[in-house]
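Everything below concerns the one structure shown next.
Residue numbers (this note's numbering), protein chains in the order written: chain A, -6 to 462; chain B, 9 to 212.
Quick look at the structure:
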């Protein structure tokens, strides 16, 4: 019978199903950071349970870490410092690989893992972090779990899992040069909603997805969770194989050949059936901007802020009204007339080298207005080094941006980088929830190029018009 | 984990959709390395004024909802981050049951690890439950997990679906790591097969 890629990975990792219990799924890779793991280690210790496979784990420090160099050397927040120290102690005690703040490999977990080739096609991968979906870009079944499940995987290398439904999101056609993987992700969420993917694993396919780089696919899969899906997947192809070849944790020699052969068997079979198919045309996807407090509250940049009466469901109308109130916006205002106070370029969604190249191209020769703060936060030290080698840091600082050390930073604002109440931010991150970037802060999600254009103008800009002028 | 027992308790109303885990427990409270003490921070940004005093306009500050164990909320409750601090805060505050039309995937899983029962109802039933609370704040609903039923003094009865394994674990207060470890021989034999299927994962 023809199988989807999800079904192939599921079948290959099915361990056992005891009568009356959920199926057990084997876990190949377990990623960790400091925020969602301490209670899991504590639980293991209290139960006297060992870690089943320490080689399956790779850990980093990213959520709490400051992005200003002086603060990294001497963490200003004692509670955050304790969390960081706890992670270091736990990794040390169990002999786990940790990219601590002094490591040249340090950075955001979902940026450093692909840099070192730790996740391969067909692997089951978990992390106490919802953006684990990122690794679906490699054709790995990757999803976020809670801390109790982190403990469960450490103790057993398995998770009780119910099988998800499958959704095929097909994007055919050619994307305009001004639109990016981020715009595809936002357009999909705008179409199916933030609960549209509940209960599903999404496979992204079609000409526009095949045309994306690996980094673009990571951005796309990263936001699968924002549509409610357990995971997002892209079929591995030559780009995937080329990306992994030679990486530290990629197979070598004869093992490489065997692995590649297996990876090539993973794409969904012709005729495989999905529970739901959603189609978009790439030509129709303009640069997107969110206007509200949920990623589904999104419009193309050349449109205006909607009104509650534009929505046919009562729930969406109420959500629109309260979002407008929180965001301090009037219905009918053109998105390009909205000024910003802050621009954030970074996060596990958009902090890889291609993101900085795209933003730098737009930022070049611009000047950030004096009433706007713009910060560029690389996803890892390797991204930072590469950007500096290409002179991108200079482009940003010449334009008036701050060039920071790596970390999650203002995506969730745990590390001290945050908005003050009422401040409005163009952000390349993944969530525009109330207070996400600081209490009272107003977040608009955009692509890196759109963020750079916005920083230069002090308001949202339709980047398609920059070229014309 | 405590056993989930049938109960009749005050049902609090939160008529909002897409309540996300950032609102349930804000980032500034995620730095603790313990599982306890999060209830005081539940819904912090909505619940408290700038000066730290309770915001009287926030629904859960309504004294009629004091001691509520049941939370009735709008669609897609618990979306966003995977933080288990969200159910820890909900549990610590005193809720053991949440009723909505839908829950986000990771949050839904996390509830069961913490003795919280998430109940899915249809849109009409949610509306009726919300109306009954609005008309009679402080009303007590009855949750019968064994028979998978919610009932109200107003005569609403709803039979809910729940996975049998999860129901069993809630009723018995079971640690499901222990249940998986009981299958260690099965995991061992799968792992032997895994080494043959994916030798490159075991090469180093």
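Backbone N, C-alpha and C define an ideal beta-carbon position, used for all residues, glycine too.
C-beta neighbour in chain B for residue 81 of chain A, strict 9 Å: Numbered from its first residue, the first chain carries residue 81 of chain A at position 88. No, residue 81 of chain A lies away from the interface with chain B (no Cβ there is under 9 Å from its Cβ).
Between residue 165 of chain B and chain A, is there a C-beta pair that is closer than 9 Å? Mapped onto the second chain, residue 165 of chain B falls at position 157. Output row for residue 165 of chain B: interface = no.
Contact check, residue 6 of chain A vs residue 117 of chain A under 8 Å by CB: the rounded distance? Reading the first chain from its first residue, position 13 is the one you call residue 6 of chain A. Reading the first chain from its first residue, position 124 is the one you call residue 117 of chain A. That pair is a contact at about 5 Å.
Supposed close pair residue 42 of chain B, residue 32 of chain A - CB separation, criterion 8 Å: Position 34 of the second chain holds residue 42 of chain B. Position 39 of the first chain holds residue 32 of chain A. The Cβ separation is near 7 Å, so the contact holds.
For my contact list, residue 196 of chain A and residue 226 of chain A are in at a C-beta cut-off of 8 Å; report their separation, rounded to the angstrom. As a first step, residue 196 of chain A must be located in the first chain, where it is residue number 203. As a first step, residue 226 of chain A must be located in the first chain, where it is residue number 233. Going by Cβ atoms, the distance from residue 196 of chain A to residue 226 of chain A rounds to 5 Å, so yes, they are a contact pair.
Span separating the alpha-carbon of residue 37 of chain A from that of residue 44 of chain A: On the first chain, position 44 is the one that residue 37 of chain A refers to. On the first chain, position 51 is the one that residue 44 of chain A refers to. Going from the Cα of residue 37 of chain A to the Cα of residue 44 of chain A covers about 8 Å.
Taking Cβ positions only, does residue 200 of chain B come closer than 9 Å to chain A? In the second chain, the residue the question calls residue 200 of chain B occupies position 192. Closer than 9 Å: no.
Consult DSSP for residue 28 of chain B and reduce its assignment to one of helix, strand or coil. As a first step, residue 28 of chain B must be located in the second chain, where it is residue number 20. Strand at residue 28 of chain B.
If you count every other CB in all the chains shown that lies within 10 Å of the CB of residue -6 of chain A, and 16 or more means buried, which is it? The residue labelled residue -6 of chain A in the question sits at position 1 within the first chain. It is exposed - the Cβ of residue -6 of chain A has fewer than 16 other Cβ atoms within 10 Å.
Would you say residue 97 of chain B faces chain A, with C-beta separation under 9 Å as the test? One-based indexing of the second chain puts residue 97 of chain B at position 89. Chain A, which has no Cβ nearer than 9 Å to the Cβ of residue 97 of chain B, makes this no.
Range covered by the beta strand (DSSP E) that runs through residue 7 of chain A: Locating residue 7 of chain A in the first chain gives position 14, where the first residue counts as 1. Unbroken beta strand (DSSP E) run through residue 7 of chain A: 7 to 9.
Going by C-alpha distance, which of A:421, A:337 and A:20 is nearest residue 151 of chain A? Here residue 151 of chain A refers to the residue found at position 158 of the first chain. When only C-alpha atoms are compared, the closest one is A:20.
Are there three or more Cβ pairs, one per stretch, closer than 8 Å when the region 17 to 36 of chain B is compared with the region 66 to 82 of chain B? yes
Could you tell me which chain B residues have their CB closer than 8 Å to the CB of residue 432 of chain A, listed as they occur along the chain? Residue mapping note: residue 432 of chain A aligns to position 439 of the first chain, counting from 1. Per Cβ cutoff of 8 Å: 34 and 53.
Contacts that residue 244 of chain A makes with chain B (C-beta to C-beta distance below 7 Å): Taking the first chain and counting its residues from 1, the one referred to as residue 244 of chain A is at position 251. Chain B residues near residue 244 of chain A: 208 and 211.
Determine the direct distance from the alpha carbon of residue 68 of chain A to that of residue 74 of chain A, and round the result to whole angstroms. Mapped onto the first chain, residue 74 of chain A falls at position 81. Mapped onto the first chain, residue 68 of chain A falls at position 75. If you take the alpha carbons of residue 74 of chain A and residue 68 of chain A, they lie about 6 Å apart.
Give the DSSP bridge partners of residue 167 of chain B, in chain order. As a first step, residue 167 of chain B is located in the second chain; it is residue number 159 there, counting from the start. Answer is B:157.
For the alpha helix (DSSP H) that contains residue 104 of chain A, what are its first and last residues? The residue you call residue 104 of chain A lines up with position 111 of the first chain. 102 to 108 is the span of the alpha helix (DSSP H), which, as asked, contains residue 104 of chain A.
Distance, residue 205 of chain B Cα to residue 253 of chain A Cα: Your numbering for residue 253 of chain A matches position 260 in the first chain. Your numbering for residue 205 of chain B matches position 197 in the second chain. One C-alpha to the other measures close to 13 Å.
Ordered list of alpha helix (DSSP H) runs contained in the region 296 to 363 of chain A, each at least 4 residues: 307 to 320 and 346 to 356
Minimum C-alpha distance to residue 298 of chain A - residue among A:221, A:286, A:328 and A:15: Sequence index remark: in the first chain, residue 298 of chain A carries index 305 (1-based). It is A:328.
Inter-residue Cα distance where the pair is residue 352 of chain A and residue 276 of chain A: Translated into the one-based positions of the first chain, residue 352 of chain A becomes position 359. Translated into the one-based positions of the first chain, residue 276 of chain A becomes position 283. About 22 Å.
Under the three-state reduction of DSSP, which class applies to residue 12 of chain B: helix, strand or coil? For the purposes of this step, residue 12 of chain B is taken as the residue at position 4 of the second chain. In this structure, residue 12 of chain B counts as coil in the three-state DSSP scheme.
Can you name the start and end residues of the alpha helix (DSSP H) that residue 207 of chain A belongs to? As a working note, residue 207 of chain A is residue 214 in the first chain. Looking at the DSSP string, the run of the alpha helix (DSSP H) that includes residue 207 of chain A is 207 to 215.
Measure from the C-beta of residue 59 of chain A to each C-beta in chain B and report whether the shortest distance is under 9 Å. On the first chain, position 66 is the one that residue 59 of chain A refers to. No - not a single Cβ of chain B is within 9 Å of the one on residue 59 of chain A.
Using the rule of at least 16 other Cβ atoms within 10 Å of the residue's Cβ for burial, across every protein chain shown, is residue 121 of chain B buried or exposed? Taking the first residue of the second chain as 1, we reach residue 121 of chain B at position 113. The residue in question, residue 121 of chain B, is buried, as its Cβ has 16 or more Cβ neighbours within 10 Å.
Going by the CB atoms, is the gap between residue 139 of chain A and residue 117 of chain B shorter than 9 Å? Here the question's residue 117 of chain B lines up with position 109 in the second chain. Here the question's residue 139 of chain A lines up with position 146 in the first chain. Going by C-beta atoms, residue 117 of chain B is nearer than 9 Å to residue 139 of chain A.
Quick one: what's got a C-beta closer than 8 Å to residue 159 of chain B's C-beta in the same chain, skipping five residues either side? Taking the first residue of the second chain as position 1, residue 159 of chain B is located at position 151. Closer than 8 Å at Cβ, skipping near neighbours: 149, 150, 152, 165 and 166.
What does residue 39 of chain B touch in chain A if you count any residue whose Cβ is under 8 Å from its own? Within the second chain, the letter at position 31 stands for residue 39 of chain B. By Cβ distance, chain A contributes 28, 57, 70, 72, 73, 75, 76 and 407.
Taking residue 331 of chain A as the reference, give the member of A:256, A:451 and A:25 with the closest Cα. One-based indexing of the first chain puts residue 331 of chain A at position 338. Comparing Cα positions, the closest option is A:451.
Can you name, in chain order, every residue of its own chain whose Cβ lies under 6 Å from the Cβ of residue 54 of chain B, other than the five neighbours on each side? As a first step, residue 54 of chain B is located in the second chain; it is residue number 46 there, counting from the start. Contacts found: 66.
Give the DSSP-derived three-state secondary structure of residue 426 of chain A in the structure shown. As a position in the first chain, residue 426 of chain A is number 433, starting the count at 1. Residue 426 of chain A: coil per DSSP, three-state reduction.
Roughly how many angstroms separate the alpha carbons of residue 201 of chain A and residue 176 of chain A, rounded to a whole number? Locating residue 201 of chain A in the first chain gives position 208, where the first residue counts as 1. Locating residue 176 of chain A in the first chain gives position 183, where the first residue counts as 1. Spanning the two alpha carbons is a distance of roughly 12 Å.
Pick from A:324, A:445 and A:437: whose alpha carbon is nearest that of residue 357 of chain A? Along the first chain, one-based indexing puts residue 357 of chain A at 364. With distances taken between Cα atoms, residue 357 of chain A lies closest to A:445.
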